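Chains as they are written, first to last, in the numbering used here: chain A, 19 to 449; chain B, 177 to 391.
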Amino acid sequence: MNKLYACIAAAEEEEEEQPGSLRSDEAAVAGLVELAQRFSHRIEAIVDGILFDVSGLHNRIGTPAQIAGKISEALRAKNIRANIAVAANAQTAILYAQSRSGITVIEEGIHQRLPLETLGIDQDTLNVFRTLGLEDTVDLKRVPERELVARYGPEFRKVTDLINQNGVHVLTPNLKENHVSWNYDLDFPVDDFERLIFILGHGLGKILEETAYFGFSSEQIDIALKLDDKTTAEYSIKLSFPTMDKAFWLKLINLRIGNNPPPCEIVSINLVCRFARQRAIARGLFSATRPEPESLLLTVDKIKNIVGAGNVGVPVLVDQRLPEAFALDSEKLPAGREQKERSEPRPVLALTYFHPPLPADVSIFKGRLMYLKTRHFAGKVIEYGGTWKESSQWWTRRLWERMEWDVELEDRRLYRLAMNKSDWFITGVYD
Amino acid sequence: MAHLSVVKKLSYLHEEQKHTRSYLEVGDLTLLRGGVTEFTGAHSAGKTSLTLNILSTLTQDGEVCAVIDLNDGFDPCSATANGVVLDNLLWIKCGGKVESALTAADYVMQAKGFGMVWLNVGNIPHKELNMIPASYWYRFRTKLKGSQTLLVVTANRSLVSSAADQSFFFDTYKAVWKGTGRFKLLDELQVNLNTRKPFVVKPNFKSIGARYADE
Numbered sequence: 019m020n021k022l023y024a025c026i027a028a029a030e031e032e033e034e035e036q037p038g039s040l041r042s043d044e045a046a047v048a049g050l051v052e053l054a055q056r057f058s059h060r061i062e063a064i065v066d067g068i069l070f071d072v073s074g075l076h077n078r079i080g081t082p083a084q085i086a087g088k089i090s091e092a093l094r095a096k097n098i099r100a101n102i103a104v105a106a107n108a109q110t111a112i113l114y115a116q117s118r119s120g121i122t123v124i125e126e127g128i129h130q131r132l133p134l135e136t137l138g139i140d141q142d143t144l145n146v147f148r149t150l151g152l153e154d155t156v157d158l159k160r161v162p163e164r165e166l167v168a169r170y171g172p173e174f175r176k177v178t179d180l181i182n183q184n185g186v187h188v189l190t191p192n193l194k195e196n197h198v199s200w201n202y203d204l205d206f207p208v209d210d211f212e213r214l215i216f217i218l219g220h221g222l223g224k225i226l227e228e229t230a231y232f233g234f235s236s237e238q239i240d241i242a243l244k245l246d247d248k249t250t251a252e253y254s255i256k257l258s259f260p261t262m263d264k265a266f267w268l269k270l271i272n273l274r275i276g277n278n279p280p281p282c283e284i285v286s287i288n289l290v291c292r293f294a295r296q297r298a299i300a301r302g303l304f305s306a307t308r309p310e311p312e313s314l315l316l317t318v319d320k321i322k323n324i325v326g327a328g329n330v331g332v333p334v335l336v337d338q339r340l341p342e343a344f345a346l347d348s349e350k351l352p353a354g355r356e357q358k359e360r361s362e363p364r365p366v367l368a369l370t371y372f373h374p375p376l377p378a379d380v381s382i383f384k385g386r387l388m389y390l391k392t393r394h395f396a397g398k399v400i401e402y403g404g405t406w407k408e409s410s411q412w413w414t415r416r417l418w419e420r421m422e423w424d425v426e427l428e429d430r431r432l433y434r435l436a437m438n439k440s441d442w443f444i445t446g447v448y449d
Numbered sequence: 177m178a179h180l181s182v183v184k185k186l187s188y189l190h191e192e193q194k195h196t197r198s199y200l201e202v203g204d205l206t207l208l209r210g211g212v213t214e215f216t217g218a219h220s221a222g223k224t225s226l227t228l229n230i231l232s233t234l235t236q237d238g239e240v241c242a243v244i245d246l247n248d249g250f251d252p253c254s255a256t257a258n259g260v261v262l263d264n265l266l267w268i269k270c271g272g273k274v275e276s277a278l279t280a281a282d283y284v285m286q287a288k289g290f291g292m293v294w295l296n297v298g299n300i301p302h303k304e305l306n307m308i309p310a311s312y313w314y315r316f317r318t319k320l321k322g323s324q325t326l327l328v329v330t331a332n333r334s335l336v337s338s339a340a341d342q343s344f345f346f347d348t349y350k351a352v353w354k355g356t357g358r359f360k361l362l363d364e365l366q367v368n369l370n371t372r373k374p375f376v377v378k379p380n381f382k383s384i385g386a387r388y389a390d391e
């Protein structure tokens, strides 16, 4: 048997709605999808039911009747009341599941009786058939198809096709999946994650392939590594852009897990690929060049490995009166956004900090700064501006305790001098 | 048959390079893209201010630039004052480790697509800088060739030497203060920009204005 479809449809309506009814119980509908996923990955949600492809299950379960039996068992276990039909034609499976209660297994070429009302024939034609003594599909099948088509038009061929199990419905997966997963249990525990890269690459290829099959891309992959001590090491890799580049994902996973390896031996790998809409690239012909997002992210991760995770990122200003009112956002990547309002191109005097600040000896005469000496340079102060008070954090005890001056030494060098309590420092140089 | 000489004339090569390579114009400065540019000068010579000015031009155009900050001395407030779009800037703090800074620069250039890479090696003892092999700079130059990335190296003294496509030396002329008595503010810094490579005799005078946060 080449193709085999199973359809689960809502059972006949009862006077009182009961739990487990596909028409009233949302949990039952969700359970139905979960159940279908155990048998197939090609699933189509139809009105009051579900259609799925069970081709190939004869190797694992057996005959179509046995497959229908398994589905019925699973339905009972979930306490869902529904009709089941298994047929070689998708439309036939839908027709019988919607028209017959219980389990119906349609063997190829063997016709089973159905009332004519289920075929979607208009009422006038049905009345004519009744007058002629045609009550069900078996009666209608006895009438030559050519004559029926000649009398009721080519549209009637759809009805005859339905009776002859030649329906044209094509199973179209339409479930809104939001992730695909892949699991692999290792034969023996592995302590070095790098040894699993080939296995991981294989799994990654599979889930990305499945994601592409659903027409999506991905910007998040979750990795759960079950460990030998019964714990799980979980990693979630989120990007700011969707990508399906397997080599890129693999490198990134390797870098991230390499940064924070699991504490003990790995026994199982689980990968979950979350769906995201595909990236739309619409760059202008004259837009500025910028690194590819994948390349930028990998580069940043490589550099983080060298200089530390907190030392690479985008600078951000802090809206406080602090000596160094800025921070580094290591979670952020440069956006490459064009500025609409452009500022003046004239250079402004910039400061470069000394880390750590240089301790200084300062000579003061009659309240004026006279001479400055550090380990690296010394000189007479010829001009200075200040005092600027810093540190406005009222919630700490260090309130306005730092004072700063801009000083010019005799060799025309400009420095920022700071006094904290009674200690003097050169915090930076104007350059 | 004289015109069929295998060896091209230097003037011909210069002319050829002028038309095949792209340049970035910032004010009256023309910088070569896909090459190494070196800014040298002592403290308060204005090299950081001018570099930030170049960065502002590029980041405002939407180009992604990188600052490889060897001594963690980069001041984002000064960058903002110069008009740098911080969102387009990748800041790499190297904690004074020369090797980390050079490796990071290597990775950034490998990534391709950066508008400018600023390698700031100022305020580092000469002894450590002397340990950088000259081959590194040639390696960078080869990597950048044909790309749109501009590598700017700022240092207190010349490091890149002959590997630099352009080399500028900054020299402080004077600092101008405004105000009287004890109430003085730094107004501007006047510097001379000497072009060493290609050699230009007359220095370029530049004035760098000071701006305070509350202004």
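Beta carbons: idealized from backbone N, C-alpha and C, even for Gly. Treat the numbers as computed from the prediction; the structure is a model and nothing was measured.
Using a Cβ-Cβ cut-off of 6 Å (strictly less than) and excluding sequence neighbours within five positions of residue i, which residues of its own chain qualify?
| i | result |
| --- | --- |
| residue 290 of chain A | 197, 199 and 240 |
| residue 387 of chain B | 257 |
| residue 314 of chain B | 339 |
| residue 425 of chain A | 399, 402, 433 and 435 |
| residue 322 of chain A | 330 |
| residue 239 of chain B | 291 |
| residue 354 of chain A | 308 |
In chain A, what lies closer than 7 Å to residue i by C-beta?
| i | result |
| --- | --- |
| residue 350 of chain B | 430 |
| residue 324 of chain B | 307 |
| residue 361 of chain B | 403 |
Tell me which residue opens and which closes the alpha helix (DSSP H) that residue i is part of.
| i | result |
| --- | --- |
| residue 418 of chain A | That residue, residue 418 of chain A, is in no alpha helix (DSSP H); it is neither H nor E in DSSP. |
| residue 157 of chain A | 155–160 |
| residue 253 of chain B | 252–257 |
| residue 267 of chain A | 264–277 |
| residue 143 of chain A | 141–149 |
| residue 198 of chain A | From DSSP, residue 198 of chain A is part of no alpha helix (DSSP H) but of the beta strand (DSSP E) over 197–208. |
| residue 110 of chain A | 108–117 |
| residue 201 of chain B | Unbroken run through residue 201 of chain B is the beta strand (DSSP E), 199–202; no alpha helix (DSSP H). |
Return the bridge partner residues of residue i from the DSSP annotation.
| i | result |
| --- | --- |
| residue 79 of chain A | Residue 79 of chain A is not bridged to any residue. |
| residue 402 of chain A | A:425 |
| residue 253 of chain A | A:241 |
| residue 267 of chain B | A:331 and B:243 |
| residue 373 of chain B | B:343 |
| residue 366 of chain B | B:350 and B:383 |
| residue 442 of chain A | A:378 and A:437 |
| residue 361 of chain B | B:354 |
| residue 391 of chain A | A:379 and A:396 |
| residue 236 of chain A | A:293 |
| residue 70 of chain A | A:24 and A:61 |
| residue 345 of chain A | A:334 |
The beta strand (DSSP E) that contains residue i, what's its start and end?
| i | result |
| --- | --- |
| residue 373 of chain A | 369–383 |
| residue 291 of chain A | 284–294 |
| residue 98 of chain A | Unbroken run through residue 98 of chain A: none, as it is neither H nor E. |
| residue 185 of chain B | It is not in any beta strand (DSSP E) - residue 185 of chain B carries neither H nor E in the DSSP assignment. |
| residue 437 of chain A | 432–438 |
| residue 211 of chain B | 211–216 |
| residue 23 of chain A | 23–28 |
| residue 224 of chain B | Taken as a continuous stretch (DSSP letters only), residue 224 of chain B belongs to no beta strand (DSSP E), being part of the alpha helix (DSSP H) at 223–236. |
Under 8 Å Cβ-Cβ, which residues of chain B neighbour residue i?
| i | result |
| --- | --- |
| residue 320 of chain A | 283 |
| residue 340 of chain A | Result: empty, since nearest Cβ-Cβ is about 10 Å, beyond 8 Å. |
| residue 354 of chain A | 238, 239, 240 and 264 |
| residue 325 of chain A | 268, 269, 270, 271, 273, 276 and 280 |
| residue 277 of chain A | Ordered by position in chain B, no residue passes the 8 Å Cβ test against residue 277 of chain A, which lies about 16 Å from the chain. |
| residue 329 of chain A | 268, 269, 270 and 271 |
Residues in its own chain within less than 8 Å of residue i by CB, not counting five upstream and five downstream?
| i | result |
| --- | --- |
| residue 405 of chain A | 421, 422 and 423 |
Can you name the residues of chain D whose CB is closer than 8 Å to the CB of residue i?
| i | result |
| --- | --- |
| residue 332 of chain A | Checking the listed chains, one finds no chain D in this structure; the protein chains it contains are A and B. |
Excluding sequence positions up to five away, which residues of its chain have a Cβ less than 7 Å from the Cβ of residue i?
| i | result |
| --- | --- |
| residue 200 of chain B | 207, 209 and 326 |
| residue 261 of chain B | 235 and 236 |
| residue 143 of chain A | 170 |
| residue 293 of chain A | 195, 196, 197, 229, 232, 234 and 236 |
| residue 63 of chain A | 192 and 193 |
Going along chain B in order, which residues have a C-beta closer than 9 Å to the C-beta of residue i?
| i | result |
| --- | --- |
| residue 397 of chain A | Here the premise fails: no neighbours, minimum Cβ distance about 11 Å. |
| residue 372 of chain A | 247, 249 and 299 |
Check the Cβ of residue i against every Cβ in chain B and list those closer than 7 Å, keeping chain order.
| i | result |
| --- | --- |
| residue 344 of chain A | 252 and 253 |
List, in chain order, every chain A residue whose beta-carbon is nearer than 8 Å to that of residue i.
| i | result |
| --- | --- |
| residue 258 of chain B | 365, 366 and 368 |
| Minimum length 3: unbroken beta strand (DSSP E) runs contained in the stretch 283–321 of chain B | 292–296
| query | Which ranges would you report for the beta strand (DSSP E) in the stretch 301–329 of chain A if only whole runs of at least 3 residues count? | reply | none
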